[in-house]
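See structure below.
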Amino acid sequence: MGFLEDLGKTLTWEESQKYQAQLKKDGIVQFLNLSKKYLNYGYTDMHSKIHHQLLNNNEDSCHESFDSESQTAEILEDKKIVYWGDEIESHYVKFDEKEKVVRLQVNQSQMKKKIEGQNLNFEVHAEYGSWMVESVPKKAYPTICRYGDLIDNIRQRNRDLKEYMGENEFLLNIPSFPTMGTEDFHEPFFDRNDLSKEFKNEVTKSLFIDDRIITDHPRFPTLTKNIRTRRGEKVNIQVPLYKDVNTIGSVSEKEPYENMIYMDAMAFGMGSSCLQTTFSAIDFPHARWLYDQLSILSPIFLALTAGSPIFKGKLADIDTRWDIIAASVDDRNSEERNPKSKQYIPKSRYGSISRFISDDERNLDKYNDLPFPKNEEMIKYGKEYAQKIGIEFDDKFWDHIGQLFIRDALVIFENDIVQDNEQKTAHFENIQSTNWNSVRLKLPPSFTSDIGWRVEFRTTEVQLTDDENAAISMLVHILVRILYEKDWFKLNLYIPISKLDENFERSKQKDAILNQKFYFRTNIQDDGEPQIEELSIFEIFFGKKESNFSGIYGIYKDCIGQWSKYKSCKSFCCMKHVESVFEYIKKKCTGEVKTLAKFQRDFVLQHPDYKKDSIVSQKINYDLCKKMVDISYRNVKDENFPDIFTEYVSHRNNSSKVSGKSRNSQENSDSNSNSNGSELQMEQNNSNDTNSETKNNGSEQFIPSGNLQEERGQLQEQVKSV
29 MGFLEDLGKT LTWEESQKYQ AQLKKDGIVQ FLNLSKKYLN YGYTDMHSKI
79 HHQLLNNNED SCHESFDSES QTAEILEDKK IVYWGDEIES HYVKFDEKEK
129 VVRLQVNQSQ MKKKIEGQNL NFEVHAEYGS WMVESVPKKA YPTICRYGDL
179 IDNIRQRNRD LKEYMGENEF LLNIPSFPTM GTEDFHEPFF DRNDLSKEFK
229 NEVTKSLFID DRIITDHPRF PTLTKNIRTR RGEKVNIQVP LYKDVNTIGS
279 VSEKEPYENM IYMDAMAFGM GSSCLQTTFS AIDFPHARWL YDQLSILSPI
329 FLALTAGSPI FKGKLADIDT RWDIIAASVD DRNSEERNPK SKQYIPKSRY
379 GSISRFISDD ERNLDKYNDL PFPKNEEMIK YGKEYAQKIG IEFDDKFWDH
429 IGQLFIRDAL VIFENDIVQD NEQKTAHFEN IQSTNWNSVR LKLPPSFTSD
479 IGWRVEFRTT EVQLTDDENA AISMLVHILV RILYEKDWFK LNLYIPISKL
529 DENFERSKQK DAILNQKFYF RTNIQDDGEP QIEELSIFEI FFGKKESNFS
579 GIYGIYKDCI GQWSKYKSCK SFCCMKHVES VFEYIKKKCT GEVKTLAKFQ
629 RDFVLQHPDY KKDSIVSQKI NYDLCKKMVD ISYRNVKDEN FPDIFTEYVS
679 HRNNSSKVSG KSRNSQENSD SNSNSNGSEL QMEQNNSNDT NSETKNNGSE
729 QFIPSGNLQE ERGQLQEQVK SV
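Numbering (the numbering used here), first residue to last: 29 to 750.
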């Protein structure tokens, strides 16, 4: 969840007021000082730092061989190697077989301590909820021909982590835990027989959430309390209730709004899980271009990955988590929420972007067709300082900075108010990391980093199975690869911001993937006036003949021939993985495969205990979560969650079952690597990965069976033959 430096005591909202103006100025100065160093820092600067790693990566079957410095120079000249990573957030749950209840296990920190120092190929980070587990690859994935790394890494995480959990404890990859906020939804902090147990809500003031389920890192409770204090009241989350024949939508103390599901704490939003991906850019202008283009795709991916139909034990009439998170961190005061006020801010600090920022000529002024406030004082201050140190930005980018800085700093550490603005960027990141938008432009991590500019794609909901999360990540990466083609294939997706906002409204609707149409540009290689149509998600991906629009898949097919010419993709041995992804997407877009949201809703509606009243009881939730865990760990097959990469044989083979204990897993990563895939911390070492042979332990296979040695040999021959 962003910036997690722990520097001790944090300031209350009231205590922070006297520092806000100066810290914003310091944040601007830090950003500009860093930008002066990295503004012209580009692709070759970054990638030449790691060419030794490329030279040594010739062991795996699923990527190309680099055998000389001259060849590496040619590869860098292509400027087509995308370094990237993913973040997968999961719920740590425990099944009580006797009571038929599944609860959130709120001691993930204990599991995290157990894995510290272990030789794993991924890292685990803290998230908002003390039951949440965020996993990221230890090293960034390079090139289009390394999808085997992605598939292996994602498939392995839950299985390696299972080794450090107790019996009947699992990771559940769904966006929202269905019964959060109901009675008995988490493991207790106290002895169940202790009659003096006390509900604690000093931080949240919630009717439903105990403060102790928030991760104890000072950032999280401080965010929670300061958002509420700045707002002047508790956050107010209202979700439309799914109306069934026996549904009662009347008003009560805990449901104060008719036909709505009411929630009142940050945990309901930031306690949900997502899948995020971060990508390196060629340079600063390219990062701005990626930001704009990916933002247009972000609501499409939200609908594609929809998985949130249940909140607080009730069926909702929407399918995604997006609006719930936005409301859960909405710190706007009453004036800022009032459309008639001069202080009006149209959106929460979590939401879709509100302006395009690229200086590319294709970013026409008219696309930013909605007014949005900006901090003119900070823009003026920034321009003066930029002139002083000899750098310059165009007005479009200053507008972006001004928009970020209409927000206040929410977490200020008492001992870190005064910083060296030529060495640190913490005050800038304090503002940046709490502007939770659909995409994020990310600075180089520090003044000494070899990493350049990056863009984070943030809307996708986490999917139930490893293959689904790998497939969605791969699909976003393919689009980024296409957006690297600035010379011969100039993709232009621009539509007005007002249309983009409308697409977000449509993306949350029930079964949006089948029933909604989205504004999308069909003349995607023209620089002039956009031809915008309302297209289904199927048409966006696979085209519409009447409009002479080939869709994203058609664009990909057009790119294959050019990509095969690049030194960085010369074997192109993973094309079959991409075809598998598009086949899976086609099944989702036609309804042959359900979204996770529809799967959950249908399961509840068809459950024998369901009373047609929109209520998801503990027993229904237990059966639903058990079914989903079984599917996720591949203990049972379900046509809605297919094995996508059936042609790929992992170098590892692990399995664990809901009622059983996990076994020791094989591990294949370099324990000394400091690289972090999600943040693209790409300082590399010279060690090669080593892959363990697949072993059959007699348990049910998670990975489709195949001849590993034969497949590796065939792929190696493909590499040698080019």
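Yeah, the Cβ is synthetic: ideal placement off N, Cα and C, and Gly gets one too.
Closest Cα partner of N543 within the set E567, K166, E42 and E420: Distance check between N543 and each of E567, K166, E42 and E420 places E567 closest, using alpha-carbon atoms only.
Going by DSSP, what residue range makes up the alpha helix (DSSP H) through P249? Element bounds for P249: R247 to R259.
Determine the closest residue to S308 out of Y395, F485 and D495, with distance taken between C-alpha atoms. Looking at the Cα atoms, F485 is the closest of the given residues.
Since Y192 is in the beta strand (DSSP E), which residue starts that stretch and which ends it? First-last for Y192: undefined, no H or E at that position.
So Q165 is in the beta strand (DSSP E); what residue range does that whole segment cover? Per the sequence shown, the amino acid found at residue 165 is Pro instead of Gln. M160 to P165 is the extent of the beta strand (DSSP E) around P165.
Once DSSP output is grouped into helix, strand and coil, what is the label at N531? Here N531 carries a helix assignment [DSSP, helix/strand/coil].
7 Å Cβ shell around S362 - same chain, five flanking residues per side excluded: Excluding five sequence positions before and after S362, the CB atoms of its chain that fall closer than 7 Å to its own CB belong to G260, given in chain order.
Distance, K64 Cα to S450 Cα: Looking at the sequence provided, one finds Glu at residue 450 rather than Ser. C-alpha separation (whole angstroms): 11 Å.
Report yes or no: do three or more beta-carbon pairs, one from the segment 106-122 and one from the segment 279-298, lie closer than 8 Å? Taking a contact to require three or more Cβ pairs closer than 8 Å, the segment 106-122 and the segment 279-298 do not qualify as touching.
Taking 7 Å as the limit between beta carbons, can you name the residues of its chain near I604, skipping five residues before and five after? The residue you asked about is not Ile; residue 604 is Lys in the sequence shown. Closer than 7 Å at Cβ, skipping near neighbours: E675.
Beta carbon of L795, beta carbon of K536: below 8 Å? Residue 795 is absent from the structure shown; the chain starts at 29 and stops at 750.
Rounded to the nearest angstrom, what separates D114 and E125 at their Cα positions? The straight-line gap from Cα to Cα measures roughly 34 Å.
Straight-line gap, V279 to N181 (C-alpha atoms, nearest Å): Spanning the two alpha carbons is a distance of roughly 48 Å.
Buried or exposed for Q628, please, with buried defined as at least 16 other CB atoms from any protein chain shown within 10 angstroms of its CB. Per the 10 Å Cβ criterion, buried.
Report yes if the C-beta distance between E489 and C653 is below 8 Å; otherwise report no. Cβ distance not < 8 Å, so E489 and C653 don't count as in contact.
How big is the Cα-Cα spacing for L736 and Y612? For L736, the pLDDT reaches just 33, beneath the cut-off of 50, and the residue's location in the model is therefore unreliable, although a value from the coordinates is still provided. Spanning the two alpha carbons is a distance of roughly 24 Å.
contact_flag[the segment 249-268, the segment 354-361] where n(CB pairs < 8 Å) is 3 or more: With a cut-off of 8 Å, the segment 354-361 and the segment 249-268 count as touching, because enough Cβ pairs lie within range.
At a cut-off of 7 Å, would you count A540 as near the ligand ATP, judging by its Cβ distance to the nearest heavy atom? Summarising the ligand content, the structure contains no ligands, and the ligand ATP is consequently not present.
Inspect the CB distances between the segment 153-165 and the segment 235-247 and report whether three or more fall short of 8 Å. Verdict: yes, contact present.
If you draw a straight line from the C-alpha of R183 to the C-alpha of D495, how long is it? Going by the C-alpha atoms only, they are around 7 Å apart.
How many angstroms separate the CA atom of N196 from the CA atom of K128? Each residue's CA atom was taken as its position, placing N196 and K128 some 12 Å apart.
P313 (DSSP reduced to helix, strand or coil): Note: P313 maps to helix in three-state DSSP.
What span of residues does the alpha helix (DSSP H) with H505 cover, start to end? H505 -> alpha helix (DSSP H) spans D494 to L511.
Less than 8 Å separating the beta-carbons of P472 and Y66? Taking a C-beta distance under 8 Å as the contact criterion, P472 and Y66 qualify as a contact pair.
In terms of alpha-carbon separation, which member of T476, Q133, V621 and E513 lies closest to Y69? The candidate whose alpha carbon is nearest that of Y69 is T476.
Among I552, P216, E667 and N465, which residue has its Cα nearest to the Cα of D11? Limits of the chain in this structure are 29 at one end and 750 at the other, which puts residue 11 out of reach.
Per DSSP, what are the beta-bridge partners of M291 in this structure? DSSP output for M291 lists I265 as bridge partner(s).
Compute the distance between the beta-carbons of I255 and H119, then report whether it is under 8 Å. Against a cut-off of 8 Å, the Cβ pair of H119 and I255 comes out as no contact.
Which one of D671, A498 and L624 has the shortest CA to CA distance from Q304? Between Q304 and the set D671, A498 and L624, the nearest pair of CA atoms involves A498.
Compare the beta carbon distance of P206 and G341 with 8 Å and say whether it is the shorter of the two. Closer than 8 Å, so yes.
Can you tell me the Cα-Cα spacing of L398 and E211, whole angstroms? Looking at the two C-alpha atoms, the distance is approximately 43 Å.
Give a yes or no on whether the C-beta atoms belonging to S204 and S326 are separated by under 8 Å. Cβ atoms of S204 and S326: not closer than 8 Å.
Nearest-angstrom Cα distance between L39 and Y47? L39 and Y47 have their C-alpha atoms spaced approximately 10 Å apart.
Count the CB pairs spanning the segment 402-420 and the segment 545-557 that are closer than 8 Å, and state whether there are at least three. Segments in contact, no.
Alpha carbon of L519 to alpha carbon of I560, nearest angstrom: Those two C-alpha atoms are separated by around 15 Å.
Assign A49 to buried or exposed, taking buried as 16 or more other Cβ atoms, counted over all protein chains shown, within 10 Å of its Cβ. With fewer than 16 other Cβ atoms within 10 Å, it is exposed.
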